[in-house]
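Peer 1: Top line first, the protein sequences correspond to chains A and B.
Take 1 as the starting number for the first sequence in full-length UniProt numbering and just add one per residue.
Take 1 as the starting number for the second sequence in full-length UniProt numbering and just add one per residue.
There are 2 protein chains.
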Amino acid sequence: MEGKKLRIAMLGLGSVGSKVVELVTKNSEYLYQRTGVQVEIVYGLVRSILEEDKKKLAKNYQFQLTDSYDDILSDDSIDVVVELIGRVSPAKEYIVRALKAKKHVVTANKDVMAQYAHELLPLANQHGVTIGYEASVAGGIPIVNPLKTQFSLDTITSIRGILNGTTNFILTKMLNESLSYEEALTLAQELGFAESDPTNDVEGIDAAYKVMILAQLAYHVYPKMEDVQIDGITAIHPAQLAVAKQFGYKIKLLGEVKAIGNELSLRVAPALVSDQTSLALIDNETNALQVNSTQIGQSFLSGPGAGAAPTATSVLADIQALIEKKELGTSNQFAPVFFENLEFTFLAESPAEKMGIVMKKANASQKFTNDQLADIQSIHHVSIADDAYEWLVTNPLTSEQLHDLLESLNRMGSVLGALPFVD
Amino acid sequence: MEGKKLRIAMLGLGSVGSKVVELVTKNSEYLYQRTGVQVEIVYGLVRSILEEDKKKLAKNYQFQLTDSYDDILSDDSIDVVVELIGRVSPAKEYIVRALKAKKHVVTANKDVMAQYAHELLPLANQHGVTIGYEASVAGGIPIVNPLKTQFSLDTITSIRGILNGTTNFILTKMLNESLSYEEALTLAQELGFAESDPTNDVEGIDAAYKVMILAQLAYHVYPKMEDVQIDGITAIHPAQLAVAKQFGYKIKLLGEVKAIGNELSLRVAPALVSDQTSLALIDNETNALQVNSTQIGQSFLSGPGAGAAPTATSVLADIQALIEKKELGTSNQFAPVFFENLEFTFLAESPAEKMGIVMKKANASQKFTNDQLADIQSIHHVSIADDAYEWLVTNPLTSEQLHDLLESLNRMGSVLGALPFVD
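1. Is there at least one Cβ from chain A nearer than 8 angstroms to ARG7 (chain B)'s Cβ?
2. So with CB distances below 8 angstroms, who are the chain B contacts of ILE156 (chain A)?
3. With H, G and I counted as helix, E and B as strand and the rest as coil, what does DSSP make of THR166 (chain A)?
4. Are there 16 or more other CB atoms within 10 angstroms of the CB of residue 425 (chain A), so buried, or fewer, so exposed?
5. Grouping DSSP H, G and I as helix and E and B as strand, with all else coil, what is THR107 (chain A)?
6. Counting only C-beta atoms, is THR313 (chain B) closer than 8 angstroms to chain A at any point?
7. In terms of residues, what are the limits of the alpha helix (DSSP H) holding LYS252 (chain A)?
8. Can the beta-carbon of VAL81 (chain B) be found closer than 8 angstroms to that of LYS103 (chain B)?
9. What is the C-beta distance between LYS92 (chain B) and TYR116 (chain B), in whole angstroms, given that I count them as a contact (C-beta under 8 angstroms)?
10. Decide if GLY192 (chain B) is buried, meaning its Cβ has at least 16 other Cβ atoms within 10 Å, or exposed.
11. Whose Cβ in chain B lies nearer than 9 angstroms to the Cβ of VAL39 (chain A)?
12. Residues in the same chain with beta-carbon distance under 8 angstroms from ASN164 (chain A), minus the five sequence neighbours each way, listed in chain order, please.
13. Less than 7 angstroms between C-beta atoms, sequence neighbours within five positions excluded: which residues of the same chain meet that for VAL273 (chain A)?
14. Distance check for LEU289 (chain B) and ILE141 (chain A), CA to CA, integer angstroms please.
15. Runs of 4 residues minimum, wholly inside the stretch 81-151 of chain A: which ones carry the alpha helix (DSSP H) assignment?
16. Give me the Cα-Cα distance between VAL37 (chain B) and LYS5 (chain B), rounded to the nearest whole angstrom.
17. Would TYR61 (chain A) pass as a contact of THR107 (chain A) if the rule is Cβ separation under 8 angstroms?
18. How is LYS4 (chain B) classed by DSSP in three states: helix, strand or coil?
19. Less than 8 angstroms separating the beta-carbons of GLY417 (chain B) and VAL393 (chain B)?
20. Applying a beta-carbon distance threshold of less than 7 angstroms, which residues of chain A neighbour TYR116 (chain B)?
21. To the nearest angstrom, how far is the alpha carbon of PHE300 (chain B) from that of VAL415 (chain B)?
22. Beta-carbon within less than 8 angstroms of PRO198 (chain B)'s beta-carbon, same chain only, minus the 5 sequence neighbours each way: which residues are those?
23. Under the rule that 16 or more other beta-carbon atoms within 10 Å means buried, what is ASN410 (chain A), buried or exposed?
24. Of all the beta strand (DSSP E) runs that stay within the bounds of the stretch 345-390 of chain B, which reach a length of 3 or more residues?
25. Taking ALA271 (chain B) as the reference, which of A:GLU51, A:VAL112, A:PHE421 has the closest Cα?
26. To which residues does DSSP link GLU40 (chain A) through a beta bridge?
27. Taking Cβ-Cβ distances shorter than 7 angstroms, what residues in chain A pair up with ALA317 (chain B)?
28. In whole angstroms, what is the alpha-carbon distance linking ALA364 (chain B) and ILE379 (chain B)?
29. According to DSSP, is ALA194 (chain B) part of a helix, a strand, or is it coil?
30. Keeping to the same chain, check which residues put their C-beta closer than 8 angstroms to that of SER18 (chain B); ignore five residues upstream and five downstream.
31. Report back the beta-carbon spacing between TYR94 (chain B) and PHE63 (chain B) to the nearest angstrom; my notes put them in contact at under 8 angstroms.
32. Contact between the stretch 123-143 of chain A and the stretch 224-232 of chain A: three or more CB pairs below 8 angstroms?
33. Under the rule that 16 or more other beta-carbon atoms within 10 Å means buried, what is ASP371 (chain B), buried or exposed?
34. For GLY86 (chain B) and ASN109 (chain B), which I take to be in contact (beta-carbon distance under 8 angstroms), what is that distance rounded to the nearest angstrom?
35. Buried or exposed: ASP386 (chain A), going by 16 or more other Cβ atoms within 10 Å of its Cβ?
36. Measuring only the C-alpha atoms, how far is ALA321 (chain A) from PRO122 (chain A)?
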C-alpha cells in the first residue's frame with residue numbers, strides 16, 4: 001500500500017461500475033484537497049477485454065482492463081476491490097479472495113450480503129479489512145451505515161419499508177393507469193425498471209434479501225431465506241387497488257423486520273397502507289424505510305432504490321470511508337475546504353415566486369383593479385364559519401412586485417398573509 | 001489516553017445530559033464486547049455540585065461531579081468532552097479549550113456550530129481531534145454525518161426542511177384545533193414544547209442556525225446570520241391555515257438552502273406546501289429534511305427534532321464514532337457480536353391481523369353467513385366501472401382463521417385478495 005494513495009480495482013463495468021469510475025475521477029482532485037489521499041481506479045475486471053465500450057472506458061479513465069482476477073489479487077498496491085458483478089457466483093468467491101488478500105471490499109451485492117454476511121464479516125475482521133455495502137439496500141438511501149452508527153445503540157422494534165422499486169412501479173401504474181399486472185410489468189420492462197426475467201422482483205425475493213440484511217444490521221442475527229415469509233405481487237388484481245383506494249388505502253409491497261417479544265418476524269408481503277402516511281406517498285420506483293426504535297421513536301427515509309447514479313453514490317460513500325480510515329493517525333477528520341474563491345453570494349431577495357394570499361375584503365362587491373388582476377393567476381371565494389375570504393394565487397412576483405400588490409390589496413381590505421408556494 | 005478506554009467528561013447534566021449518561025452506561029458492556037473499548041463517564045461539570053438531583057445522578061452512575069472545568073482539562077486521561085450546556089457562552093469557550101487540550105468534542109450546540117464552525121473545525125483539525133455535532137440539527141434524524149459521507153461527493157442543489165419542532169407543533173394545533181397563534185403557543189409552553197421565552201423558535205432564529213449548519217455541510221461556506229432571510233410564524237392567522245387547507249395546502253415553517261447558479265439562497269419562512277407531499281405530512285414536533293442532489297435525486301428524512309432520548313442517541317452515535325477511531329490499527333471494523341444464545345426465532349406464521357378483503361359475489365342477493373359475519377368487522381358495497389365488489393374489513397384473524405374464512409367466502413364468489421392492514 002502506497003502512503004497517500006487509495007488504489008481501486010473495479011469488478012464489473014456495467015452501468016453502476018461505469019458511473020463509479022466517472023464519479024471517482026470527477027471527485028479525485030477534491031478528495032485529494034480535503035484528505036491528501038489520491039484515489040485512483042487502477043483495474044477494471046471484465047469477462048472480455050475485447051469489448052469496444054469497455055476498452056473505450058478504460059482508455060478515457062486511464063485504467064487497465066483485465067480478465068484476470070489473479071493479476072488484481074497479486075498486486076499489493078491495490079487497497080480496495082469494488083464488486084459490482086451482482087448475483088452470488090462468482091461474486092462471493094471474488095469477495096472472499098479479496099478479503100484474504102487483505103483488500104477492503106465495497107459491494108452493492110445484496111444476494112451475497114444477505115446470504116453470506118455471517119461468513120464474510122468475520123473474515124474481513126480477521127484480515128484487518130472492511131466490507132462496505134451501503135449500496136446493497138435501497139440504492140441511494142443511506143441506511144446500512146446509519147444502522148451501524150445512529151441506530152446501533154438504540155433498540156429497534158421494527159423496520160418496515162418499500163424495498164423494491166420494480167414492484168412499487170408496477171403497483172403504482174396498476175392503480176394510476178388502471179393497468180393489469182401483466183400490462184404494468186410489460187411497461188416496467190420497456191422502461192428498464194424490470195428485468196426480462198422479473199421473478200426475483202415480483203415474487204419478493206429481492207425484497208427478502210434486503211429484509212435479511214436489515215435484520216443482520218438491526219439484530220445481529222443471520223437469518224436464512226426460509227426464515228422470511230414471502231408473498232409477491234403477481235396475484236394482485238387491479239380492482240383490489242381501486243377498491244382499497246376508495247377506502248383510503250394504497251397497496252404496497254412491504255418488507256418488514258419486527259421484534260415481537262423474543263421472536264423476530266421477517267416478512268415480505270403486499271399490505272394495505274393508509275394514504276395519510278408517508279409510506280403511501282412513495283410511488284413509482286422510489287424506496288422508503290420506516291425505522292421504529294425505543295430512543296429515537298419513528299424515523300423515515302426515502303429516496304431512489306436503484307439506478308446507476310444513486311447506487312454509485314452509495315458505493316462512493318463507502319470508498320470515502322476508507323480514505324478516512326487510511327488518513328487516520330495523521331488527521332482523523334476531513335479538513336474542511338474553504339470555497340472562498342467561488343462566487344457564492346447570499347441573495348438579498350428571493351427571485352420571482354408564486355404566492356398564495358388570503359384576504360378579507362372590506363366590501364364584498366368591490367372589484368379588483370386591472371393592475372391587481374395582472375399579477376393574479378386565480379381568485380377563489382371561501383367561507384369559513386361565518387367569514388368570507390378571498391384566496392388569491394399570484395403569478396410569479398419579485399419581492400418588489402409583491403410589495404406593491406400587497407399595498408394595493410390592503411387598501412381594499414385586510415390581507416391576512418402572503419406565502420410562497422414551494423414546488 | 002489509556003489504551004482500551006474512552007473516558008468522557010460531561011458538560012451539563014440537564015435532560016439530554018442525564019440521558020447520555022444513562023445510555024452510555026446501559027450500552028457500555030455491549031460496546032466493550034464489540035470493540036474491546038471500555039466507555040466511561042468520568043466527570044460531570046455543573047454550576048453547583050450541591051444540587052441534590054445532580055449528586056444523585058453522579059452517585060448512581062459513579063462519576064465525579066465538579067464545578068471546575070480546569071480539573072477536567074488538566075486530566076490527560078479524558079478523551080472526550082460532551083458539551084450539552086447550550087447557547088454560546090460559556091459553551092463555545094469550553095469547546096475551544098477542550099480542542100486545544102487535544103480532547104475530542106461531541107456537542108448538540110447549534111448556536112455555536114452555526115456561528116463558529118469556521119473557527120472550531122480547523123482548530124480541531126490542527127490539534128488532531130474531532131467535533132461531532134450530529135445532534136445539533138434535527139435532533140434524532142441522522143443528517144450531519146450523512147451530509148459528510150453519503151452526500152459529500154454528490155452535488156446538492158437544495159435542502160429544505162421542517163427544522164423547528166416548536167413552530168411545527170404550533171402550526172399543527174392552529175390548523176387542527178382552530179387555535180389562534182397565542183393559544184397554540186400557550187399550549188406548546190404547557191406541554192414543554194416551547195420555552196417561556198419562545199422568541200428563538202417562533203421568530204425563526206433556531207431554524208436559521210440549522211440552515212447555516214446545513215449550508216456549511218452542503219457547500220463548505222460559513223454564512224452569517226444576516227445572510228439568512230428570516231420570517232417567523234408570529235403573523236400567521238388561523239384563517240390562512242384553514243383557507244390554504246381548502247385548496248390542498250398546509251403552511252409549514254421551512255428552512256431552505258438552495259443553490260441558484262453561483263448564488264446561494266438561505267431562507268427561513270412559512271410557505272405553502274401541497275398536502276400531497278411528504279413534507280406536508282410532518283405534523284406536531286416532528287422534523288423533516290428533503291435533500292435534492294444531482295446523483296441521488298431526491299432524498300427525504302424525518303424523525304424527532306428534539307427531546308432528550310433522540311438527541312442523546314445522536315450524541316451517542318458521535319461517541320461511538322470515536323471508539324471506532326480509537327480502535328483503528330488493531331481492528332478497523334466493529335466485530336459483529338453473534339447473539340446465538342438469545343431467544344430469537346422466526347415466526348412460522350404471523351400473529352392475528354386485521355385484513356382487507358376484496359371480493360365479487362356470484363349472486364348479489366346472497367347473504368353472508370353468521371360464521372362469516374363473526375370474523376368481519378364491516379362490509380361495504382363498491383361499484384367500479386360496471387362491476388360490483390364487496391370490501392370486507394375483518395376482525396384480527398390468525399392465519400388459520402383467515403384460511404377458513406377465505407375458503408368459505410370463495411364458495412360465494414371470487415375473492416380477489418386478502419391483505420393485512422399495517423398500522
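Note that CB positions come from ideal geometry on N, CA and C, so glycine has one too.
Peer 2: In terms of the structure at hand:
1. no
2. Here the premise fails: no neighbours, minimum Cβ distance about 11 angstroms.
3. helix
4. Coverage of chain A is limited to positions 1 through 423, which leaves residue 425 (chain A) absent and any answer about it impossible.
5. strand
6. yes
7. Per DSSP, LYS252 (chain A) belongs to no alpha helix (DSSP H); it is in the beta strand (DSSP E), 249-260.
8. One thing to note: VAL81 (chain B) has its Cβ within 8 angstroms of the Cβ of LYS103 (chain B).
9. 6 angstroms
10. exposed
11. Simply none; closest approach about 10 angstroms.
12. ASP201, GLY204, ASP206, ALA207, LYS210, LEU253, GLY255, ASN287, GLY305.
13. Excluding residues within five positions, the ones whose Cβ falls inside 7 angstroms are TYR249, LYS250, LYS252, LEU279, ALA280.
14. 13 angstroms
15. Within the stretch 81-151 of chain A, the complete alpha helix (DSSP H) runs of at least 4 residues are 91-100, 110-126, 144-148.
16. 5 angstroms
17. Contact flag unset, no.
18. coil
19. No. Outside cutoff.
20. Ordered by position in chain A, no residue passes the 7 angstroms Cβ test against TYR116 (chain B), which lies about 13 angstroms from the chain.
21. Spanning the two alpha carbons is a distance of roughly 37 angstroms.
22. THR166, LEU185, ALA188, GLN189
23. exposed
24. 355-361, 376-384
25. The residue with the shortest Cα to Cα distance from ALA271 (chain B) is A:PHE421.
26. Looking at the DSSP assignment, GLU40 (chain A) forms a beta bridge with A:ARG7.
27. THR149, GLN150
28. 13 angstroms
29. coil
30. LEU57, ALA308
31. Not quite, the Cβ-Cβ distance comes to about 18 angstroms (not below 8 angstroms), so this is no contact.
32. For the pair of segments examined, the stretch 123-143 of chain A was found not to touch the stretch 224-232 of chain A: the number of CB pairs separated by less than 8 angstroms stays below three.
33. exposed
34. Contact annotation, GLY86 (chain B) with ASN109 (chain B): C-beta distance approximately 6 angstroms; criterion of less than 8 angstroms satisfied.
35. exposed
36. Each residue's alpha carbon lies about 19 angstroms from the other.
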